[in-house]
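Asks: Protein chains in written order, with this note's numbering: chain A, 1 to 461; chain B, 462 to 1130; chain C, 1131 to 1468.
Glycine included, each C-beta is placed from N, C-alpha and C at the ideal position.
Sharing a structure below in structure tokens format, with a few things to ask.
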């Protein structure tokens, strides 16, 4: 090298650079128009054609985010760490404005890191929301959590997990929280069950939506569980396309869209909404549960697959034969899968609920309690007894239900109301009430807890 | 909203400063004498003392013309060094800043906070490196390329060079700050105006209160106007421009409401803060309320439905009340132990206005006597008797101000003598009507000059005059807060309740915060130029940067170390603990090695104490929290300390810079 | 704080001048016998970071510069010329010995009012133009605006830079920078002008101008101290010279005196033929002298300079001490020119 002059040396470098550039060009040439582009571009082709490696296959690519990452020169991990430390401090000091913008910055830097979307969406909906006292504020932050993850799905189109999380916030968070009655009214003011509710008590409290719905989360004006169902369904579809979820076992994961309708019907009843519409809904839910979820095939991990809806022995035998395993093995696995998701309960429940008798019993019990609250005791008692009779009838028809908490608790609650009324009317305790056998069976487990709750609400017996 | 401030007493601070500077100078002289003794023998110290009067002499002969010549040169030099490129960066940030910050979902008040913090942080952190590097490299570069030779061989004094440099950099920095500050202001204003698409304001139309609700969406603009009790009038248009053309009167109305809404979002509130104390369930005063387990110990809580009370004492109320009454603003935090049946309602709380008499007693010799010893005479309300050392003495009482009193051991005591118990007598109490809190938001309670309230004892409605009946002789008013929901807790900190004076405009608060940034950068210039007088460019930059880092970020930690609050011992001990994996709670074995280590640590901690007291506390310059939260920047707590700190460093820095420049050979080696 | 003392380390100038005695307005009596510069036993040792001596740049130098003379400091590179100059200006602090310049100590700022200094290279601010440069230095002398305007014009014209007045100094050629440097040094109409290598980088014409200017300064009654290694320049303009070698004074005296060798006689004639030469040689030998060389005249200062340097190499440690200077505590001095 020493013998080369400076100019010669530069020439050599130049040639070497050119030589090195050739493979880069061959490999990296971007696809354009009718030319297929370089080897890497081929590999990066959109999903389904090749490996789908390019970033925009994952979802929307933000120019800002890309620019930020470029500027940070690979230091984004460090930057995110620092931001995360800021975020912890901000959350501790309840600096919500900055919590929101810090999380925004974090996802800006790592838009394809699913855990971040999941964690912060959950954090907003469950933790930040809980810090606020006004129910409207809490509702706002629950929505923020859902919207945040929804943002994440824009960047990660193929994530069943993120869609599942949105479903969870809209469904479980809004439907099971202590404030569920309020949240549901906020979420869908158009629900049939709210027809008599004054305008100013329902609908989104945000002035932007003027008592309507939040178009971003609920454009189709559905009840919270049914809106959640949409997201669960997307999650299932993606999962079905082969995008894996790593949250739970498959048969648990896939039940959620079907469960939503069941849950929604249950809540409609709790809201005191009965009648043909709900009965029809239950029937539809039952159909979905049996024909949809019940027919899905799941891997048992023991070399064969099962589905959960097997109405007769013949079905078991048929399944065992087609999978080439023994019937006993199939039965054991199906049983265990069914237990995990409470399959049989939901089947029976939806079946029973779609009968007018059940609906009538629920309605009587609900209205009896309402009358009790209005201090129309004699009338209430009659209704409650009638309701319990109806329930007794249902239980004797669907024996499975007798082991299920919800039904049992409903019955016990009704009995407690009757006892309370008797006490208030200064009647002697009677033994001829319906379902006394149920009461006695649960005298030592369910009755004391329930009684405690009852007393807290209505005063001691 | 949370601002944690330390009280700042200018007089005390000045005293401390004078002490520190004197100590510093004495140390400097001693050190220099010692060194001179080593190099020059016995005449060394004499030489040092001959040098002492030179600095004041130099300072007295300062020529403004020379200072300005050097300042101008510095300014030009900085411009030629492309200092103004920072404007480009700034413009870029602001062009794209809204990409990061705009979130159509987010609530306006949260958005506004982000905008303001963003602008102030951006200005600070864009200018800091520029100013720091310029001021640290200016002189060393001059020495390196020997341009300084042509200056010091002219009759330019060393102080003139230093001051000129500082002035030059400060001028440049001032221009940068002013331009950026103005741009930032316009940007905030426009962003907020742009994002303000939904508002509902009550405005006054021809003497009638009119509610204007305005919603601007993609689909179009909807305006509802509700005047008085009249039914709502709804108007829709495809866009704002369309509304303007179709219905100019209504448009004018919405614009008025819009400006009012803007003013609500961009505001600089001026609070009058009181002192806070608590009263426990047993009715005894306590320093803090209940701890609900919040990690953040900013607020303490009072239990609802009990005798727990939070008490604010406001001073100088009389002068501020005038005839128009008072506006109380509060923002408390709720902590629920159960959600309760009325889940839709936020917690209920109640204010009571209380007139109190705060007094201590003294005997005939003017000695203060503990109030607990006082026995009230039955006949005369003003005759008291106390027993001191078993002997009874006649005493009289005199009033004390609220700020002299604090709570210790469940009683009110004098701050300057905690042995003296202050007697607080409640004279009149006016409970106000209860209200639901709006958390993290503002709750406004307007106190009219005439307070009407329901008196539970007599069961009648009563009316009292706020100034004459409820404010005591010393111009103090006590506000007691109770939470009415039993089982729930209400959290409060001192700043959570205040008397709100008419607000300043946002521009005032904002410019004060910009002024804070300006003073901080000024201090950086002073420190940087001083460091560059005895260090080369890179080292001077490093030194200044470390000072900034320590003064900005590590100050709380340093305070903890110096205060002995950090677990795990001093620097050496903690290193040993880390390396040997000894838990902080474990006792170290007692042997000579560890006692030596602890001894050295004690010495090192002394060093840290010095560092803590030498490094300026840059936290004082951060005023963005005030402005971002819609407050004016208070003089006494924020402006005064920051001005004070900048000035305080100027003097010793000049001394150091002068002697460094005079006693070093200005020759690049 | 400590860093400050570190700077203070060893280099603290010893000054017995208090500010009171250093009165600005006391003009040095022009006719007094007091020399403009008085250097006694001046030494300078450069030290490294740890304070260990690295280079002895100047060793016990003593000399005087009288008012109104042009004094030249000669020496090869690294001989201590520039160090002496910087010690005179207070840019460096002496390790030993005293300097009195215009009756004051070197570190006194007030003396600068009457001094003009042209540094070795162009150390001016490169982003200023000629006008701005002179205006800046004028302001350092606390001149009024009108005064400055007048002087700036005058000196720019004097150094012939009127055409380039508005160009930044970084665009200047070396010669132009020297000129503006000179203008800068003279802006205050100084009594004492210190010129460090005034003619380096100048073309012959520029060199000529510079020499004329120096002579003009002398005619105006100013004292000029210049250092140079360009012997021709020194020979042409200096009244007295000092030759330094490795920090020691080797020669000091009037230029004519130094170049006149009392022990020898040199004839200079028009060209002679061999016969005439032989005849002359004979006459000389008859008078008991001998002809050593017969050659063509050379630049004699160069000869002196080279001889001095060579002798110093052969016999190190000998240095020149002026008669009135107090004897240093080191080895006895040898007076080379005697």
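What residue does the alpha helix (DSSP H) around residue 322 of chain A start on, and which one ends it?
Replies: Start and end: 313–323.
Asks: Going along the chain, which residues of the region 759–772 of chain B sit with their C-beta nearer than 8 Å to a C-beta in chain A?
Replies: Answer set for the region 759–772 of chain B: 759.
Asks: Can you give the beta carbon distance from residue 974 of chain B to residue 854 of chain B, rounded, assuming they're within the 8 Å contact cut?
Replies: So it is not a contact: roughly 55 Å between Cβ atoms.
Asks: Counting contacts by CB-CB distance shorter than 8 Å, is residue 1245 of chain C in contact with chain B?
Replies: Yes, residue 1245 of chain C lies at the interface with chain B (some Cβ there is under 8 Å from its Cβ).
Asks: With a 10 Å radius around its C-beta and 16 neighbouring C-beta atoms as the bar for buried, classify residue 141 of chain A as buried or exposed.
Replies: When all chains shown are included, residue 141 of chain A counts as buried.
Asks: Check whether the region 937–954 of chain B touches the region 805–819 of chain B, taking contact to mean three or more Cβ pairs, one atom from each stretch, closer than 8 Å.
Replies: At 8 Å Cβ cutoff, the stretches touch.
Asks: Can you give me the Cβ contacts of residue 941 of chain B inside the same chain, cut-off strictly under 6 Å, excluding the 5 residues immediately before and after it?
Replies: Same-chain partners within the cutoff: 770, 772, 813 and 815.
Asks: Counting only beta-carbon separations shorter than 8 Å, does residue 98 of chain A have a partner in chain B?
Replies: Cβ-Cβ to chain B under 8 Å: yes for residue 98 of chain A.
Asks: Counting only beta-carbon atoms, is residue 1127 of chain B nearer than 8 Å to chain C?
Replies: So yes, residue 1127 of chain B belongs to the interface.
Asks: Hey, residue 436 of chain B and residue 925 of chain B: beta-carbon distance below 8 Å or not?
Replies: Absent from the structure is residue 436 of chain B, since the part of chain B shown begins at 462 and ends at 1130.
Asks: Which residues mark the beginning and the end of the alpha helix (DSSP H) in which residue 149 of chain A is found?
Replies: That run of the alpha helix (DSSP H) goes 135–155.
Asks: By alpha-carbon positions, which one of C/1194, C/1198, C/1298 and C/1365 ends up nearest to residue 1348 of chain C?
Replies: Of C/1194, C/1198, C/1298 and C/1365, the residue nearest in Cα terms is C/1198.
Asks: Does the beta carbon of residue 887 of chain B come closer than 8 Å to any beta carbon on chain C?
Replies: Residue 887 of chain B does not count as touching chain C.
Asks: Quick check on the burial criterion: 16 or more other C-beta atoms within 10 angstroms. Buried or exposed for residue 669 of chain B?
Replies: Its Cβ having fewer than 16 others within 10 Å, residue 669 of chain B is exposed.
Asks: In whole angstroms, what separates the C-alpha of residue 667 of chain B from that of residue 688 of chain B?
Replies: Rounded to whole angstroms, residue 667 of chain B to residue 688 of chain B spans 11 Å at the Cα level.
Asks: Beta-carbon within less than 7 Å of residue 334 of chain A's beta-carbon, same chain only, minus the 5 sequence neighbours each way: which residues are those?
Replies: So the qualifying residues of the chain are 306, 308 and 310.
Asks: If we define contact as Cβ-Cβ less than 8 Å, is residue 575 of chain B a contact residue for chain A?
Replies: So, interface residue.
Asks: Spatial neighbours of residue 1345 of chain C within its chain, please: CB distance less than 7 Å, with the 5 preceding and 5 following residues excluded, ordered by chain position.
Replies: Correct list, in chain order: 1367.
Asks: State the Cα-Cα distance for the pair residue 1222 of chain C and residue 1126 of chain B, rounded to the nearest angstrom.
Replies: Their backbone Cα atoms lie some 5 Å apart in a straight line.
Asks: Classify residue 73 of chain A as buried or exposed, calling it buried when 16 or more other Cβ atoms lie within 10 Å of its own Cβ.
Replies: The residue is exposed, with fewer than 16 neighbouring Cβ atoms inside 10 Å.
Asks: Please confirm if the region 1113–1121 of chain B is in contact with the region 601–616 of chain B, defined as three or more CB-CB distances below 8 Å between the two stretches.
Replies: Judged by Cβ distances under 8 Å, the region 1113–1121 of chain B makes no contact with the region 601–616 of chain B, as fewer than three pairs qualify.
Asks: Could you pull the start and end residues of the beta strand (DSSP E) that residue 1171 of chain C belongs to?
Replies: Element bounds for residue 1171 of chain C: 1167–1177.
Asks: Taking 8 Å as the CB-CB cut-off, is residue 721 of chain B touching chain A?
Replies: No - not a single Cβ of chain A is within 8 Å of the one on residue 721 of chain B.
Asks: Comparing the C-beta of residue 517 of chain B with each C-beta of chain C, is any distance below 8 Å?
Replies: With 8 Å as the cut-off, residue 517 of chain B does not count as an interface residue toward chain C.
Asks: In the DSSP assignment, the beta strand (DSSP E) including residue 1245 of chain C goes from what residue to what residue?
Replies: Taken as a continuous stretch (DSSP letters only), the beta strand (DSSP E) holding residue 1245 of chain C covers 1245–1248.
Asks: Do you know how far the Cα of residue 225 of chain A is from the Cα of residue 172 of chain A?
Replies: If I take the Cα positions, the gap works out to 8 Å.
Asks: Answer yes if the region 862–879 of chain B comes into contact with the region 731–742 of chain B, meaning at least three C-beta pairs across the two stretches below 8 Å, and no otherwise.
Replies: Yes, the region 731–742 of chain B touches the region 862–879 of chain B.
Asks: If you draw a straight line from the alpha carbon of residue 705 of chain B to that of residue 656 of chain B, how long is it in whole angstroms?
Replies: Answer to the nearest angstrom: the Cα atoms are 19 Å apart.
Asks: Hey, out of C/1224, C/1251 and C/1304, whose CA is closest to residue 1325 of chain C's CA?
Replies: Per the Cα distances, C/1251.
Asks: Shorter than 7 Å, the distance from the beta carbon of residue 917 of chain B to the closest heavy atom of the ligand NAD, or not?
Replies: Looking at this structure, you won't find the ligand NAD or any other ligand, since it has none at all.
Asks: In three-state DSSP terms, what is residue 485 of chain A?
Replies: Any question about residue 485 of chain A goes unanswered here, given that chain A covers just 1 to 461.
Asks: Under 8 Å, with one C-beta from each stretch per pair, do the region 1278–1291 of chain C and the region 1255–1270 of chain C reach the 3-pair mark?
Replies: In short, these stretches touch, since the Cβ pair count reaches three.
Asks: Starting from residue 1356 of chain C, trace the beta strand (DSSP E) in both directions and tell me its first and last residue.
Replies: Segment 1353–1358, the beta strand (DSSP E) holding residue 1356 of chain C.
Asks: Would you mind working out which of B/894, B/1047 and B/817 sits nearest residue 933 of chain B, comparing C-alpha positions?
Replies: It is B/817.
Asks: DSSP beta-bridge partners for residue 1193 of chain C?
Replies: The partner list for residue 1193 of chain C (beta bridge, DSSP) reads C/1169.
Asks: Would you kindly check if the distance between the Cβ of residue 450 of chain A and the Cβ of residue 417 of chain A is under 8 Å?
Replies: No.
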